[in-house]
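For the record, the sequence lines run as chains F and C.
If you read the first sequence in this note's numbering, its first letter stands for residue 1, the second for the next number, and so on.
If you read the second sequence in this note's numbering, its first letter stands for residue 336, the second for the next number, and so on.
Don't be surprised by glycine CBs; every beta carbon is placed ideally from N, CA and C.
Structure, as structure tokens:
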Amino acid sequence: MAKSPPLRLLWLQSGGCGGCTMSLIGAQGPDLVRSLEIAGVEIAWHPSLSEETGSEAASIINAIAEGREEIDIVCLEGSVMTGPNGTGMFHRMAGSDQSMMSVIEKVARRARYVVAVGSCAAFGGITAAGGNEVGAIGLAYDGKQAGGLLGEDFRSGSGLPVINISGCPIHPDWFTETIMQIGAGAFDERDMDDLQRPLNFAGHLVHHGCSRNEFYEFKASAQKLCDMGCMMENLGCKGTQARADCNIRAWNGSGSCLDGNYPCINCTAPEFEEPGHGFTKTPKISGIPIGLPTDMPKAWFVALASLSKAATPERLNRDATSDRLSALGEGKRRK
Amino acid sequence: MTKRIVMGPFNRVEGDLEVRLDSSEGQVISAEVTSPLYRGFEKMLVGKPMMDALVYSPRICGICSVSQSVAAAYALAGLGGRSVPPAGRHAVNLVHAVENLADHFTHFYLFFMPDFARDTYADEPWYQPVAERFAAVKGTAAKDALPARAAWMEMLGILAGKWPHTLSIQPGGSTRAISRSEKVRLGAIIAQFRLYLERTLFGDTLENVAGLFSADALWQWADQRASATSDFAMFLQVSRKLGLSKLGVSHNLHMSFGAYCLQEGHFLKRGAWQNGGPAVLALDRIREDISHAWYRSAGDASGPLNDFPVPDYDTSGDAYSWCKAPRLDGAPVEVGALSRLLVDGHPLLRELAANGANVEARIVARMLELALIVPQMEQWLAAIDTEERFIDHSPLAEDGEAAGLTEAARGSLGHWLRTRNGEIEHYQIIAPTTWNFSPRDAQGNPGPLEQALAGTPIREGEVEPVAVQHVVRSFDPCMVCTVH
């Protein structure tokens, strides 16, 4: 079989922190360069990785924007900046008079696949926090509202909507796997959830595989950041609602937010940046958390919780508010 | 005749950058540095619960997010009420050092060295092996360095959950206690990184590199390494041929807020340095000038605890950047690894920068920090008592004002905050590249990069002068931090 030519990928950055690129270059098994080779993807230009600078870079971007050069995949990292007053000039493309907003729109409308990398590009993300004076929006969403820069009905050349690899930041595998699926011609509507997030990560809850699940089962709760207990009841953890596979797929070799002893802040979801309460506080009504698992009748949850609390093994009660697991309990460690 | 060149988008820097040059007779006469992006973190933070600064502020930057966390945690700690236990202090220093050293490593391999693989240099006698090694993405170095970097970041999986945007760094220490077995695992990761540095980056032990105390010793060492595997020696060879010690020369005040807080003080000390001697670091004399930036004043201009410039995009006046112009007692200040080691007193850097900071000295300083800090990390790890607490949870004062000062890879980083009833009332950030890439101030003083670019040679017919790129990237700019 003849080898097909590589898919060309253009990556732009706008209102974000560059953290998704930084996370991505930490890809392991295999590393990023090898992953792109395997996917059959060649970088047309990436702001951190390519040699071309200044007018050399601008000519690549302009040729794509004007349709003189074909592009298979356009990735945006960071949000689209619409301010001030809809001009987009909170981010002007360096070396030009154009707003990045207009450049992003032009290249996105030429692409076979458009990928929003990270929650900023997908939904506006952290850049949209605090009243959003800069007018940060996503490619196809403005927070939870469909639309964004490209409009609710946008479809790229492949017929797909914007693919939202959300997360703050993304896990490197979420991107490399999606690109490998695209490269293999094996990515379509069935591979996305209702917010167009790839199911390779959004098919799970952060709760899945959480090392604290035994504490969750018995409602043995952490009181402070460093405790080993379940962080849902007191510390704002949204792992039971957040769509991502962070506790199944290790971060940086072995970790996850929860393994670092801090709660899930649901960073793959639209509007995570404005939770309406402190990130590490659980809002409650009459002592009962309001953010219970969405698909479980509340009364059952409360009833089961009080039953399991009554049956909690002493080991779990103790460890829940300790910064280390006693595992087999005191006295089991060899002296 | 003066010719104007506008360079942008300037890549292989973190974030967005435009450089405008006026040139004449083959060299840069003057430069204007523009940050064309504004996001508004300082305003975003106002009204938030004070502990949420630890969620928002790391997201200023994906390349030095831990540094932002450290500055925010120090600022919150400055409100009073907590003391960090020794194990927590070591854990935070380790997390911070992993990021700072990863930044130096990433800068060298992915951002800086690829410029020497450009066609411009194709006729140089040293070109072939350098291009094969360092060509962007395609060079052998990218294939070696990326897995080594990823393995190094595994430190953060264990110590901090994940990177970037970890939340483990708190005003009272680290949320993550490590076990006896994890301590051994962390030691193995450091050992593996040391091995890469010693075999591939330096071709010598870290101790031998850290002990190069004079320029003579450095060049003698480089000559001995010429035939061995040493990416650093390869850089030194190119640097000598291209005269990088005469490029990007600046004569600014240097400053360090001090790096890695230990019981006995900062491991790399706090201070200032100018003209071959110590200078005054009057922290209460830090001001942000906005005469050439797209802001209008809204505070009382008495320093970052009271000033809060607000965005005002108007291209009709003198303004040409979203970057403000911080000044120390009215003077532009250069910050970064070179500044840190000048302040701390490393004799090699003091010699290399005796006639002004320059491209070569800035790169050597970063490589030297790799050699100096990894052995310290081994000691900090060894000093962790895994039976002890890693964090103090005593209540923080809910009303007050404080500054959190630290050193990111690229230099001095400060967060200034005021809180009332546990909410943030005021927040100002001055990042390293804000100092280095600042526009002119009201007195017309150019920022450090603007100053360093003056005199840069432009080769015949060059549209994107390669020497300008060396100078700009020698600062390892982080533009997303700059403008936040």
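Could you tell me whether the Cβ of I525(C) comes closer than 7 angstroms to any Cβ of chain F? By one-based count along the second sequence, residue 525(C) stands at place 190. No - not a single Cβ of chain F is within 7 angstroms of the one on I525(C).
Consult DSSP for F602(C) and reduce its assignment to one of helix, strand or coil. Here residue 602(C) refers to the residue found at position 267 of the second sequence. F602(C) falls in the strand class under three-state DSSP.
Please tell me whether S503(C) has its Cβ less than 7 angstroms away from any Cβ of chain F. By 1-based counting over the second sequence, the position of residue 503(C) is 168. Yes, S503(C) counts as interfacial toward chain F.
Which whole-angstrom value is the C-beta distance of G593(C) and V670(C), which I expect to be below 8 angstroms? The residue you call residue 593(C) lines up with position 258 of the second sequence. The residue you call residue 670(C) lines up with position 335 of the second sequence. Rounded, the Cβ-Cβ distance is 12 angstroms, inconsistent with contact.
Contact set between S256(F) and chain C, taken where Cβ atoms lie within less than 7 angstroms: Position 256 of the first sequence holds residue 256(F). What S256(F) touches in chain C: G496 and K497.
Just mark I408(F) as buried or exposed, buried being the case when its beta carbon has 16 or more other beta carbons within 10 Å. Given that chain F is displayed from residue 1 to residue 335, the structure contains no residue 408(F) and the question cannot be resolved.
Rounded to whole angstroms, what's the CA-CA distance from R515(C) to V401(C)? Just pull it up for me. To locate residue 515(C), count along the second sequence from 1; it is residue 180. To locate residue 401(C), count along the second sequence from 1; it is residue 66. Distance between the alpha carbons of R515(C) and V401(C) is about 24 angstroms.
Enumerated in chain order, which unbroken segments of the beta strand (DSSP E) with a length of 3 residues or greater are wholly contained in the region 652 to 729 of chain C? 660 to 663
Give me the chain F residues within the contact set of S374(C), using Cβ-Cβ distance strictly less than 7 angstroms, ordered along the chain. Taking the second sequence and counting its residues from 1, one reaches residue 374(C) at position 39. The sequence given here places Arg at residue 374(C); Ser does not occur at that position. Near R374(C) (Cβ distances below 7 angstroms), the residues of chain F are G15, T127 and V134.
Do the CB positions of F469(C) and M488(C) come within less than 7 angstroms of each other? As a working mapping, residue 469(C) is identified with position 134 in the second sequence. As a working mapping, residue 488(C) is identified with position 153 in the second sequence. Not in contact: F469(C) and M488(C) (Cβ atoms no closer than 7 angstroms).
State buried or exposed for W657(C), treating a residue as buried only when at least 16 other CB atoms are found within 10 Å of its CB. Within the second sequence, residue 657(C) is the residue found at index 322, counting from 1. Buried.
Taking all protein chains shown into account, do 16 or more other C-beta atoms lie within 10 angstroms of the C-beta of N756(C), making it buried, or fewer, making it exposed? As a working mapping, residue 756(C) is identified with position 421 in the second sequence. So N756(C) counts as exposed.
Measuring straight from C-alpha to C-alpha, what distance separates I513(C) and T721(C)? Taking the second sequence and counting its residues from 1, the one referred to as residue 513(C) is at position 178. Taking the second sequence and counting its residues from 1, the one referred to as residue 721(C) is at position 386. Between I513(C) and T721(C), the C-alpha separation is close to 6 angstroms.
So for W11(F), helix, strand or coil by DSSP? Residue mapping note: residue 11(F) aligns to position 11 of the first sequence, counting from 1. Strand at W11(F).
Under 7 angstroms between C-beta atoms of A550(C) and A568(C): Position 215 of the second sequence holds residue 550(C). Position 233 of the second sequence holds residue 568(C). Taking 7 angstroms as the Cβ cut-off, A550(C) and A568(C) do not qualify as a contacting pair.
Does the Cβ-Cβ distance between G19(F) and G749(C) come in under 7 angstroms? Translated into positions along the first sequence, residue 19(F) becomes position 19. Translated into positions along the second sequence, residue 749(C) becomes position 414. No, these two residues do not count as a Cβ contact at 7 angstroms.
Rounded Cβ spacing between A339(F) and T268(F) (contact assumed at less than 8 angstroms): Because chain F in this structure spans residues 1 to 335, residue 339(F) falls outside the shown range and cannot be described.
Per DSSP, K338(C) is paired with what? The sequence position of residue 338(C) within the second sequence is 3, counting from 1. S358(C), per the DSSP bridge assignment.
First and last residue of the alpha helix (DSSP H) that includes L71(F)? For the purposes of this step, residue 71(F) is taken as the residue at position 71 of the first sequence. The question names Leu, yet the displayed sequence has Ile at residue 71(F). Unbroken run through I71(F) is the beta strand (DSSP E), I71 to E77; no alpha helix (DSSP H).
CB contact check: A57(F) to chain C, cutoff 7 angstroms: For the purposes of this step, residue 57(F) is taken as residue 57 along the first sequence, with counting starting at 1. Yes, contact with chain C.
Would you tell me roughly how many angstroms separate the C-alpha atoms of A777(C) and D624(C), rounded to the nearest one? As a working mapping, residue 777(C) is identified with position 442 in the second sequence. As a working mapping, residue 624(C) is identified with position 289 in the second sequence. Answer to the nearest angstrom: the Cα atoms are 7 angstroms apart.
Select from the region 202 to 234 of chain F all residues with a C-beta closer than 8 angstroms to any C-beta belonging to chain C, and list them in chain order. K224, L225 and C226
If you count every other CB in all the chains shown that lies within 10 Å of the CB of P763(C), and 16 or more means buried, which is it? As a working note, residue 763(C) is residue 428 in the second sequence. In the sequence as presented, Pro is not what sits at residue 763(C); that position holds Gln. With 16 or more other Cβ atoms within 10 Å, it is buried.
Per-residue burial, F440(C) [other beta carbons within 10 Å of its own, 16 or more giving buried]: Here residue 440(C) is taken as the residue at index 105 of the second sequence, counted from 1. Answer is buried; the Cβ neighbour count reaches 16.
Note down, in chain order, all residues in the region 444 to 470 of chain C with a beta-carbon under 9 angstroms from any beta-carbon belonging to chain F. L445, F446, P449, D450, A452, R453 and A470
Would you grab the beta carbon distance between M712(C) and A432(C) for me? Rounded to a whole angstrom, and I think it's under 8 angstroms. One-based indexing of the second sequence puts residue 712(C) at position 377. One-based indexing of the second sequence puts residue 432(C) at position 97. That belief holds up - the Cβ atoms of M712(C) and A432(C) are roughly 5 angstroms apart, short of 8 angstroms.
Check whether the region 42 to 62 of chain F touches the region 410 to 428 of chain C, counting contact only when three or more Cβ pairs, one atom from each stretch, lie closer than 8 angstroms. no
Taking a contact to mean a Cβ-Cβ separation below 7 angstroms, would you say L547(C) touches L683(C) in this structure? Here the question's residue 547(C) lines up with position 212 in the second sequence. Here the question's residue 683(C) lines up with position 348 in the second sequence. It is a contact, given that the beta carbons lie within the stated cut-off.
Compare the C-beta of D438(C) with all C-beta atoms of chain F and state if any pair is closer than 7 angstroms. Along the second sequence, read from residue 1 onward, the residue named residue 438(C) stands at position 103. No, its Cβ sits nowhere closer than 7 angstroms to a Cβ of chain F.
At a CB distance below 7 angstroms, what residues from the region 783 to 817 of chain C approach chain F? Give them in sequence order. V798, E799, Q804 and V815
Residue range of the unbroken beta strand (DSSP E) whose run includes E736(C): Position 401 of the second sequence, counted from the first residue, corresponds to residue 736(C). E736(C) -> beta strand (DSSP E) spans G735 to A743.
Going by DSSP, name the residue or residues bridged to S514(C). Within the second sequence, residue 514(C) is the residue found at index 179, counting from 1. Note: S514(C) sits in no beta bridge, so no partner.
Segment contact flag, the region 201 to 211 of chain F with the region 228 to 247 of chain F, C-beta cutoff 8 angstroms, min 3 pairs: yes
What do you reckon, are the CB atoms on M101(F) and G118(F) nearer than 7 angstroms? Here the question's residue 101(F) lines up with position 101 in the first sequence. Here the question's residue 118(F) lines up with position 118 in the first sequence. Taking 7 angstroms as the Cβ cut-off, M101(F) and G118(F) do not qualify as a contacting pair.
In this structure, how does DSSP classify V162(F) when only helix, strand and coil are distinguished? Start at 1 with the first residue of the first sequence, and residue 162(F) comes out as number 162. In the structure shown, V162(F) sits in coil (DSSP, three-state: anything other than H, G, I, E or B).
Measuring alpha carbon to alpha carbon, tell me which of H589(C), V465(C), L640(C) and A633(C) ends up nearest R685(C). In the second sequence, counting from the first residue as 1, residue 685(C) sits at position 350. Nearest C-alpha to R685(C): H589(C).
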